[in-house]
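S.K.:
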DNA sequence: AATGAATGAGCGTTCATTCAT
DNA sequence: CATGAATGAACGCTCATTCAT
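Chains as they are written, first to last, in the working numbering: chain Z, 11 to 224; chain A, 11 to 224; chain P, 11 to 224; chain F, 11 to 224.
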């Protein structure tokens with residue numbers, strides 16, 4: 011009897027602990043596909059393989075589920091980037107292109123790359139979440155790239171550009187790629203053909219644009 | 011008496027002809043602010059200053075209204091750009107930066123600049139509209155910038171970059187700026203501080219990135 | 011000018027006087043086809059070849075139109091029958107079968123034969139109209155047939171049946187025929203194949219059923 | 011504890027299985043009273059003692075509810091009649107009057123007798139349902155009475171009438187009685203006074219009309 | 001007299017949320 | 001914990017009615 015309990019309990023336990031993540035994962039997929047308002051909780055529950063009522067055991071409302079989806083989605087991204095920055099030694103160009111490439115390696119195929127699209131679409135409807143996202147993702151990413159740019163400028167690798175503005179210009183193509191991946195591309199309506207080529211061209215133009223070699 | 015007839019009779023007529031545009035304008039604002047699904051037709055009607063039923067005199071359904079909003083929104087943009095290209099003489103750099111600046115001058119303050127956000131959010135839910143938008147906006151804009159890039163390369167102003175991919179890289183920051191303007195910025199959650207500076211930096215990095223002068 | 015007025019005015023006048031009848035005729039057709047609630051005033055107006063607003067120049071509401079349709083529909087029927095009775099001389103059997111045949115000759119092909127269906131379907135929703143119809147159509151038809159039956163019984167042509175009840179039994183097949191003609195038959199779902207044969211069989215069974223010859 | 015579980019658990023289950031029948035019963039009453047289009051789903055739900063949303067757990071639309079009402083309503087009638095025919099031995103007159111009387115005993119007081127009225131009113135709007143009703147009710151009833159008539163003719167009880175047409179003539183008064191019961195009568199607008207007397211007179215006239223004794 | 005654009009109350013339908021089991 | 005039947009507020013859409021022209 012103990013043995014049974016011992017072997018059975020952990021399974022349930024593991025399940026119980028994994029549930030919220032399973033639910034937010036299912037919700038993320040559907041929110042990204044269809045938008046927040048157009049996603050039905052029935053469908054989220056069905057995709058997660060639970061009943062609709064179960065959702066309410068873990069999230070008090072659809073809005074809370076949305077918040078959890080966003081919070082859940084931002085953690086992996088930042089830590090990796092900041093770790094790269096901390097570890098990096100050598101020239102800023104390599105660091106910059108490394109960061110851009112690594113970001114897509116990490117998120118490219120997953121629905122985490124849909125979070126920018128989702129956040130953009132819903133920022134107006136969920137200002138608190140937008141603020142949270144701004145403070146915890148956008149801001150930290152800004153600082154990350156800001157440090158890289160300033161390092162490059164200090165090392166005379168990069169021209170003296172307007173750093174704060176340049177950050178946005180650098181990030182924009184990466185975000186647009188992620189967004190396209192979750193909007194036009196799945197309709198087979200064109201959009202991005204080759205993400206790798208896109209990033210390569212972006213880095214090429216960018217490093218040339220920043221370069222002090224003339 | 012004739013004068014009264016002349017001025018009074020057209021009142022109704024003028025209104026009737028102007029109505030669809032008034033309605034799509036109101037709908038565009040709200041769709042951009044809140045998204046398609048989260049926008050209530052009552053609110054669209056209220057913002058246009060008509061009753062809910064009136065919407066149905068001009069659009070058969072909410073979805074038809076959406077389509078009309080998109081179709082209505084794309085016409086002004088393309089013609090201007092293609093006209094600039096046709097008229098332009100001289101170096102490609104000036105043309106390129108001219109196009110990028112002009113685009114923002116035209117759309118910056120209006121809710122037309124919210125169409126990319128709207129289209130991105132709803133492409134998955136309205137594949138037909140997405141295809142229409144792709145064929146009539148994205149494709150034509152691509153060709154426009156493609157001609158500029160090829161002209162610059164032919165004139166040895168620009169390096170021999172992968173033109174098709176570079177187009178997307180060039181357009182992305184402009185689109186992101188428009189998107190941010192309609193998502194994070196209005197929440198006072200940060201985002202773009204100064205569009206003009208952003209475009210200037212974009213053009214600066216871009217022309218340097220494309221430049222053959224090394 | 012006078013001549014023009016002379017020739018034009020009567021046209022208009024004639025039109026003006028004919029309008030209500032044209033409108034109720036159109037309404038009758040649609041009410042019979044679809045029922046009162048399922049008939050749109052747009053469709054009535056369209057079938058009558060006028061605009062929707064014009065209906066309200068002649069009828070204060072949809073319900074008033076309904077009442078007019080019923081009133082309009084009952085006048086021709088009764089007078090004919092009562093005239094036949096007054097003029098008739100000779101045996102009751104001939105009179106009875108004459109009445110039954112004549113009724114179908116008069117109404118068979120027209121949508122007036124749809125009034126019983128319409129009245130039956132809407133009696134519950136329009137008690138006043140139902141009462142009006144009862145008093146002015148059902149009651150008078152009852153008296154008509156009552157006199158025929160009593161005449162036949164007095165002349166020993168017919169057996170001494172329960173006259174009041176027999177009237178309903180006699181009328182029922184005629185009504186059902188009219189009803190079927192406007193319900194199942196137009197769906198090509200079967201129903202009556204041949205009205206003439208039906209009436210013949212009805213009269214045959216009826217006269218035999220009433221006959222004193224055994 | 012077991013007992014409680016045994017009696018409590020099925021409560022929900024029993025309810026769920028009984029619900030569709032409860033709902034169609036409520037809907038039948040109101041459809042018969044007011045017609046399909048004039049019946050509000052709120053009222054159906056209220057009469058069934060549930061909320062409006064519950065209807066949609068069992069029927070996908072108002073039209074599906076209508077179909078279910080009809081299907082639900084036809085089963086009890088036919089089986090009884092066909093059983094009577096199969097069991098009967100002896101003369102056709104007794105069988106015929108037995109069928110006519112039994113039909114009213116079964117349906118007279120219930121709203122099932124309102125289905126003919128309902129079907130007649132809505133046949134034009136729901137051709138598929140009309141066809142279903144024609145094939146499964148009208149046709150089978152026809153065959154039932156056809157066999158009785160042919161039996162009576164074979165036994166020389168009945169005259170050689172046009173069987174197919176005579177069936178309609180025989181059925182018509184029964185149907186009209188049911189229809190009147192649900193249209194004019196409830197308005198206290200007259201109509202049928204005594205169903206039993208009506209059927210008696212109908213049978214009397216009918217058997218005399220069919221009889222070979224002259 | 002006639003029009004048809006405009007209205008808004010009302011209905012069918014959906015779906016986030018609750019709760020008895 | 002988990003379920004899914006039940007709810008009811010809210011939304012898209014319709015259509016009888018009104019009224020400026």
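Backbone N, C-alpha and C define an ideal beta-carbon position, used for all residues, glycine too.
With burial defined as no fewer than 16 other Cβ atoms inside 10 Å of the residue's Cβ, what is the status of residue 52(A): buried or exposed?
M.R.: Per the 10 Å Cβ criterion, exposed.
S.K.: Which residue marks the beginning of the alpha helix (DSSP H) containing residue 119(F), and which one marks its end?
M.R.: Element bounds for residue 119(F): n/a, residue is neither H nor E.
S.K.: Which residues in the same chain have their Cβ closer than 6 Å to the Cβ of residue 35(A), if we skip the five residues on either side of it in sequence?
M.R.: Once the five neighbours on either side are set aside, residue 35(A) has no close Cβ partner at all.
S.K.: Does the Cβ of residue 162(P) have 16 or more other Cβ atoms within 10 Å, making it buried, or fewer, making it exposed?
M.R.: Burial call: buried.
S.K.: Go through its chain and collect everything with a Cβ distance to residue 118(F)'s Cβ below 7 Å, but skip five positions before and after it.
M.R.: Here the set comprises 205.
S.K.: Let me know the secondary structure DSSP gives residue 69(A) once reduced to three states.
M.R.: The answer is coil: DSSP assigns residue 69(A) none of H, G, I, E or B.
S.K.: Within the same chain, show all residues whose beta-carbon is closer than 8 Å to that of residue 213(A), passing over the 5 residues directly before and after it, in chain order.
M.R.: Closer than 8 Å at Cβ, skipping near neighbours: 106, 107, 110, 111.
S.K.: Which residues in chain A sit within 9 Å of residue 127(Z), going by Cβ to Cβ distance?
M.R.: Correct list: 130, 131.
S.K.: Rounding to the nearest angstrom, what Cα-Cα distance links residue 29(P) and residue 151(P) in this structure?
M.R.: Going from the Cα of residue 29(P) to the Cα of residue 151(P) covers about 29 Å.
S.K.: What whole-angstrom Cβ distance do residue 169(F) and residue 122(F) have, given they're in contact under 8 Å?
M.R.: With a Cβ gap of about 33 Å, residue 169(F) and residue 122(F) do not count as contacting.
S.K.: Below 8 Å, how does it come out for the stretch 173-187 of chain Z and the stretch 134-154 of chain A: are there three or more Cβ pairs, yes or no?
M.R.: Because the criterion of three Cβ pairs below 8 Å is not met, the stretch 173-187 of chain Z and the stretch 134-154 of chain A do not touch.
S.K.: So if DSSP puts residue 221(F) in a beta bridge, which residue, or which two residues, is it bridged to?
M.R.: Answer is 168(F).
S.K.: Might you give, ordered along the chain, the residues of its own chain that have their beta carbon closer than 8 Å to the beta carbon of residue 185(A), omitting 5 neighbours on each side?
M.R.: Result list for residue 185(A): 126, in chain order.
S.K.: So, does the CB of residue 183(A) fall closer than 7 Å to a CB anywhere in chain Z?
M.R.: Answer yes: the Cβ-Cβ gap between residue 183(A) and chain Z drops below 7 Å somewhere.
S.K.: So which residues on chain P does residue 175(F) lean against when the C-beta distance must stay under 7 Å?
M.R.: What residue 175(F) touches in chain P: 207, 208, 211.
S.K.: Measure the alpha-carbon distance for residue 172(A) versus residue 65(Z) and round it to whole angstroms.
M.R.: Cα-Cα distance, rounded: 48 Å.
S.K.: Which whole-angstrom value is the C-beta distance of residue 230(P) and residue 57(P), which I expect to be below 8 Å?
M.R.: Here chain P covers residues 11 to 224 and nothing more, so residue 230(P) does not appear.
S.K.: Sorted by chain position, which residues of the same chain lie with C-beta nearer than 8 Å to residue 215(P)'s C-beta, five sequence neighbours on each side aside?
M.R.: Result list for residue 215(P): empty, nothing under 8 Å.
S.K.: Step through the CB atoms of chain P and report whether any lies within less than 7 Å of the CB of residue 215(F).
M.R.: Taking Cβ atoms only, chain P reaches closer than 7 Å to residue 215(F), which makes this a yes.
S.K.: Going by DSSP in three states, residue 99(A) sits in which element: helix, strand or coil?
M.R.: In the structure shown, residue 99(A) sits in coil (DSSP, three-state: anything other than H, G, I, E or B).
S.K.: By the 8 Å beta-carbon criterion, what residues does the stretch 32-61 of chain A contribute toward chain Z?
M.R.: Answer set for the stretch 32-61 of chain A: 43, 44, 45, 46, 47, 48.
S.K.: Whose C-beta lies closer than 7 Å to the C-beta of residue 61(F) among residues of the same chain, with five residues either side of it excluded?
M.R.: Cβ within range, chain order: 55.
S.K.: Got a sec? Which residues, its chain only, sit under 8 Å from residue 94(F) by beta carbon, not counting five neighbours each side?
M.R.: Answer for residue 94(F): 105, 108, 109, 112, listed in chain order.
S.K.: What whole-angstrom Cβ distance do residue 90(Z) and residue 116(Z) have, given they're in contact under 8 Å?
M.R.: Confirmed, Cβ separation roughly 6 Å.
S.K.: Express the C-alpha separation of residue 149(P) and residue 103(P) in angstroms, rounding to a whole number.
M.R.: Straight-line Cα distance between these residues: approximately 22 Å.
S.K.: Compare the C-beta of residue 144(P) against all C-beta atoms of chain F and say whether one is closer than 7 Å.
M.R.: Closer than 7 Å: yes.
S.K.: Would you verify that the beta carbon of residue 141(A) is, or is not, closer than 7 Å to some beta carbon of chain Z?
M.R.: Yes, residue 141(A) lies at the interface with chain Z (some Cβ there is under 7 Å from its Cβ).
S.K.: Got a sec, what are the start and stop residues for the alpha helix (DSSP H) residue 235(A) sits in?
M.R.: Outside the displayed span of chain A (11 to 224) sits residue 235(A), for which this structure offers no information.
S.K.: Using a Cβ-Cβ cutoff of less than 7 Å, which residues in the same chain neighbour residue 72(F) once the five nearest sequence positions on both sides are dropped?
M.R.: So the list reads 51, once near-sequence residues are dropped.
S.K.: Give the range of the alpha helix (DSSP H) segment to which residue 194(A) is assigned.
M.R.: Counting along the chain, residue 194(A) falls outside any alpha helix (DSSP H), and DSSP gives it neither H nor E.
S.K.: Would you report the Cα separation of residue 222(P) and residue 190(P), rounded to the nearest angstrom?
M.R.: Their Cα atoms are separated by approximately 32 Å.
S.K.: Can you tell me whether residue 188(A) is buried or exposed, with buried defined as 16 or more other CB within 10 angstroms of its CB?
M.R.: Counting Cβ neighbours within 10 Å, residue 188(A) comes out buried, since at least 16 surround it.
S.K.: Within 10 angstroms of its Cβ, does residue 132(F) collect 16 or more other Cβ (buried), or is it exposed?
M.R.: Counting Cβ neighbours within 10 Å, residue 132(F) comes out buried, since at least 16 surround it.
S.K.: Give the single residue among 209(A), 174(A), 26(A), 157(A) whose Cα lies nearest to the Cα of residue 92(A).
M.R.: Among 209(A), 174(A), 26(A), 157(A), the Cα nearest to that of residue 92(A) is on 157(A).
S.K.: How many Å lie between residue 137(P) and residue 38(A) at the Cα?
M.R.: If you take the alpha carbons of residue 137(P) and residue 38(A), they lie about 50 Å apart.
S.K.: Measure the CB-CB distance between residue 182(F) and residue 183(P) and report whether it falls below 7 Å.
M.R.: Their beta carbons are under 7 Å apart, which means residue 182(F) touches residue 183(P) by this criterion.
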